[in-house]
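Undergrad: Residue numbers for the sequence shown, in my numbering: 33 to 273.
For glycine and all other residues, C-beta sits at the position ideal for the given N, C-alpha and C.
Predicted model, so just to flag it, every value in this text is computed and none were measured.
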Amino acid sequence: MAEIEYYTRYLLSACAFAVLINCAVSLLRLRPRKKVYAVFRDLATNEEYPITCYETAVGRSANTDIRIKLPSVSRSHAVLALRKDGFYIFDTESKQGVYVNGEKIEKKAKLAHGDTVAFGMGIMKFYIGSEASSDIKNTDESAPEYKQYILTDIVSGSEFPLEGDYATVGREPGSNIEISAPNISRKQAVFTNENGAWYIRSLSKTTPTLLNGQPVLQPTALRPGDVIKFADFAFLFGEQE
33 MAEIEYYTRY LLSACAFAVL INCAVSLLRL RPRKKVYAVF RDLATNEEYP
83 ITCYETAVGR SANTDIRIKL PSVSRSHAVL ALRKDGFYIF DTESKQGVYV
133 NGEKIEKKAK LAHGDTVAFG MGIMKFYIGS EASSDIKNTD ESAPEYKQYI
183 LTDIVSGSEF PLEGDYATVG REPGSNIEIS APNISRKQAV FTNENGAWYI
233 RSLSKTTPTL LNGQPVLQPT ALRPGDVIKF ADFAFLFGEQ E
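#1: Who are residue 209's beta bridge partners in DSSP?
#2: For residue 113, which residues from the same chain have a beta carbon less than 6 Å from its beta carbon, with the 5 sequence-adjacent residues on both sides left out?
#3: Measuring straight from C-alpha to C-alpha, what distance separates residue 173 and residue 132?
#4: Name the residue from 193, 208 and 194 whose alpha carbon lies nearest to the alpha carbon of residue 200.
#5: What did DSSP end up calling residue 250 once you bin it into helix, strand or coil?
#6: Tell me whether residue 214 is buried or exposed, calling it buried when 16 or more other Cβ atoms sit within 10 Å of its Cβ.
#7: What three-state label does DSSP hand residue 274 in the structure shown?
#8: Under 8 Å between the Cβ atoms of residue 272 and residue 198?
#9: Using 10 angstroms around the beta-carbon of residue 106, count the other beta-carbons present and answer buried if the total reaches 16, otherwise exposed.
#10: Which stretch, first to last residue, makes up the beta strand (DSSP E) that contains residue 110?
#11: Which term fits residue 221, buried or exposed, when burial requires 16 or more other beta carbons within 10 angstroms of its beta carbon?
#12: Skipping 5 residues on each side, what residues in its chain have a beta carbon closer than 7 Å to that of residue 129?
#13: With 16 as the cutoff for other CB atoms within 10 Å, does residue 157 come out buried or exposed?
#14: So, helix, strand or coil for residue 186, using DSSP?
#15: What residues are listed by DSSP as bridge partners for residue 123?
#16: Return helix, strand or coil for residue 259, following the three-state DSSP convention.
#17: Does DSSP put residue 241 in a helix, a strand or coil?
#18: Hey, how far is the Cα of residue 259 from the Cα of residue 202?
#19: Could you check which residue in 108, 160 and 153 has the C-alpha nearest to that of residue 67?
#20: Roughly how many whole angstroms lie between the Cα atoms of residue 150 and residue 118?
#21: Cα-Cα, which of 91, 96, 116 and 97 is closest to residue 104?
#22: In whole angstroms, give me the CA-to-CA distance for residue 266 and residue 115.
#23: Which partner residues does residue 90 have in the DSSP bridge list?
#24: Here's a check: name, in chain order, each residue in its chain whose Cβ is nearer than 6 Å to the Cβ of residue 63, leaving out the five neighbours to either side.
#25: Look at the Cβ atom of residue 78, then the Cβ atom of residue 146, and state whether they are nearer than 8 Å.
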C-alpha cells in the first residue's frame, strides 16, 4: 500500500508539471503579434526600424526607441506619432532640426508613404504598413516618369548614372563612385533619390564635400549644372540624355 502511495505521489507531480508546461506553451502561442504600423529604413545602413507603437522616440540616447548613433543627432531628436488622420513627426527642440524631403519642418509635419526624413545626418525612408520591409516600389502605370540624372567627372569625362534610390561615394571598395585617393574618406558622401529629386549628404568628418564651393552641412537638393567637389575631384550634376 505504501509503495502504491509512493508512486502515485510522483505520478501526480509529473501530471501537474505537464499541465503547467502545456499552459505555458499555450500562452506563448496565443500571445498577440505586434502590429507594424510603419517602417523607417536607414538609407546609409539599410537597417529597418518597425513602428509598433502610437508614439516612437528618435534620437542618440539609449532610451529612445530608434537610436541613431551620430554626433549630429540630438539625444532626444524627434517623436513619430500616429494620429487619427495619419503619421506626424515632431521636432523635440533638436539642434540640427528635422527635414522632410529636404525641407526643415517647424515643430511638426505630416508624413506620407515614401517620404525621406533627416535627423541631422541620419536619413531615413518612411514607409506605411507592414509590407514596407520589402521596400515597395510604385508600380502604378499612371505614375509620372522621373528624369534620369548623371554625374560627370569634369577632368576625365567619366560618367556615373544615378540609378535607384541610393548611390555612395568614397574610398571604400564597392562604392558606386569609388575614388582611390588618400584624402577621400572611406565613406565620403551619399546621394539619395526622393520622389525623383536627388539630394546629397556628406558623410566624411575629415574631408568636406563642397556643392558649388560651399560645404554640404545637411541634406541638400541638387539641380542640373551643380558642381560637387570631393577634395581634388570635381563632378558635374546633370540630366542624362
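TA: On the basis of the data shown:
#1: On the sequence shown, position 177 is the one that residue 209 refers to. Paired residue(s): 201.
#2: By one-based count along the sequence shown, residue 113 stands at place 81. Excluding residues within five positions, the ones whose Cβ falls inside 6 Å are 87 and 120.
#3: Looking up residue 173 in the sequence shown gives position 141. Looking up residue 132 in the sequence shown gives position 100. The predicted model places residue 173 with a pLDDT of 41, which falls under 50 and marks its position as unreliable; any figure quoted below should be read in that light. Looking at the two C-alpha atoms, the distance is approximately 26 Å.
#4: Reading the sequence shown from its first residue, position 168 is the one you call residue 200. Nearest option by C-alpha distance: 208.
#5: Within the sequence shown, the letter at position 218 stands for residue 250. Secondary structure at residue 250: coil, using DSSP grouped into helix, strand and coil.
#6: Residue mapping note: residue 214 aligns to position 182 of the sequence shown, counting from 1. So residue 214 counts as exposed.
#7: With the chain covering only 33 through 273, there is no way to say anything about residue 274.
#8: To locate residue 272, count along the sequence shown from 1; it is residue 240. To locate residue 198, count along the sequence shown from 1; it is residue 166. No, the pair does not count as a contact, with Cβ atoms beyond the cut-off.
#9: As a first step, residue 106 is located in the sequence shown; it is residue number 74 there, counting from the start. That one is buried.
#10: Sequence index remark: in the sequence shown, residue 110 carries index 78 (1-based). 110–115 is the extent of the beta strand (DSSP E) around residue 110.
#11: Translated into the one-based positions of the sequence shown, residue 221 becomes position 189. Under this definition residue 221 is a buried residue.
#12: Along the sequence shown, one-based indexing puts residue 129 at 97. For residue 129, where only same-chain residues beyond five positions count, the Cβ hits under 7 Å are 123 and 136.
#13: For this step, residue 157 is matched to residue 125 along the sequence shown. Counting Cβ neighbours within 10 Å, residue 157 comes out buried, since at least 16 surround it.
#14: Residue numbering aside, residue 186 sits at position 154 when the sequence shown is read from its first letter. Of the three classes helix, strand and coil, the one that applies to residue 186 here is coil, per DSSP.
#15: In the sequence shown, counting from the first residue as 1, residue 123 sits at position 91. Answer is 110, bridged to residue 123.
#16: Taking the first residue of the sequence shown as position 1, residue 259 is located at position 227. Of the three classes helix, strand and coil, the one that applies to residue 259 here is strand, per DSSP.
#17: If you number the sequence shown from 1, residue 241 lands on position 209. Of the three classes helix, strand and coil, the one that applies to residue 241 here is strand, per DSSP.
#18: Within the sequence shown, the letter at position 227 stands for residue 259. Within the sequence shown, the letter at position 170 stands for residue 202. When rounded, the distance between both Cα atoms is 17 Å.
#19: Counting from one through the sequence shown, the residue named residue 67 turns up at place 35. It is 160 whose Cα lies nearest to the Cα of residue 67.
#20: As a first step, residue 150 must be located in the sequence shown, where it is residue number 118. As a first step, residue 118 must be located in the sequence shown, where it is residue number 86. Straight through space, the alpha carbons of residue 118 and residue 150 are spaced by roughly 19 Å.
#21: Here residue 104 is taken as the residue at index 72 of the sequence shown, counted from 1. Taking only the C-alpha atoms, the option nearest residue 104 is 91.
#22: Here the question's residue 266 lines up with position 234 in the sequence shown. Here the question's residue 115 lines up with position 83 in the sequence shown. When rounded, the distance between both Cα atoms is 46 Å.
#23: Within the sequence shown, the letter at position 58 stands for residue 90. Residue 90 is bridged to 98 and 110.
#24: Here residue 63 refers to the residue found at position 31 when the sequence shown is read from its first residue. Any reading at residue 63 needs caution, since the residue's pLDDT is 44, under 50, leaving its predicted position unreliable; the model's value is listed next. Excluding positions up to five away in sequence, the list is empty.
#25: Counting from 1 along the sequence shown, the entry for residue 78 is found at position 46. Counting from 1 along the sequence shown, the entry for residue 146 is found at position 114. The answer is no: Cβ separation not under 8 Å.
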